[in-house]
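Quick note on UniProt numbering: the sequence shown kicks off at 1 and runs consecutively.
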Amino acid sequence: MKKMLSILVISIGFLVMSACTGTSITSTASDLYVVNKGYSEDYKKAWIIAYDPHSKKQVEKKIMVENPMVWNLIKKDKTYFTSYSKEGNKPWKLNQIEHIGDKDTLR
1 MKKMLSILVI SIGFLVMSAC TGTSITSTAS DLYVVNKGYS EDYKKAWIIA YDPHSKKQVE
61 KKIMVENPMV WNLIKKDKTY FTSYSKEGNK PWKLNQIEHI GDKDTLR
């Protein structure tokens, strides 16, 4: 009986530990005002620096842009409606971006 109880306690411990180490995913949709754009020296990574203009604190975020064609179309000093996410400690990643009020874009 003690052996069975020990196995049960150890199993529950492993389940609790594995549940606590899971990666959290944060996803946000908001307007973003693009302050700056940049890319790595080897051109493999591109990003924008932006903040939510409707937030009380204008905290700038570095958001990675995976598609170079999308990055080329983004303009500095312009506001876009965006969706972006972050997985664990990885950087923010742009999921979707569109011009505010533009109903004629392809989706």
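Every residue gets a Cβ at the ideal spot worked out from N, C-alpha and C, and that includes glycine.
In the DSSP assignment, Asn72 falls within the unbroken alpha helix (DSSP H) covering Pro68 to Leu73. The Cβ atoms of Glu60 and Ile48 do not sit closer than 7 Å to each other. Secondary structure of Glu41 (DSSP, three-state): coil. Beyond the five residues adjoining it in sequence on each side, Ser55 comes within less than 7 Å, by CB distance, of no other residue in the same chain. Scanning its chain for C-beta atoms nearer than 8 Å, with the 5 sequence neighbours on each side dropped, one finds around Lys75 the residues Val34, in chain order. In this structure, DSSP gives Thr23 a state outside helix and strand, which the three-state scheme calls coil. Around the C-beta of Ile63, 16 or more other C-beta atoms lie within 10 Å, and the residue is accordingly described as buried.
Per DSSP, Ser83 is one residue of the beta strand (DSSP E) stretching across Thr79 to Glu87.
Nearest in C-alpha terms to Trp92, of all of Lys78, Val65 and His99, is Val65.
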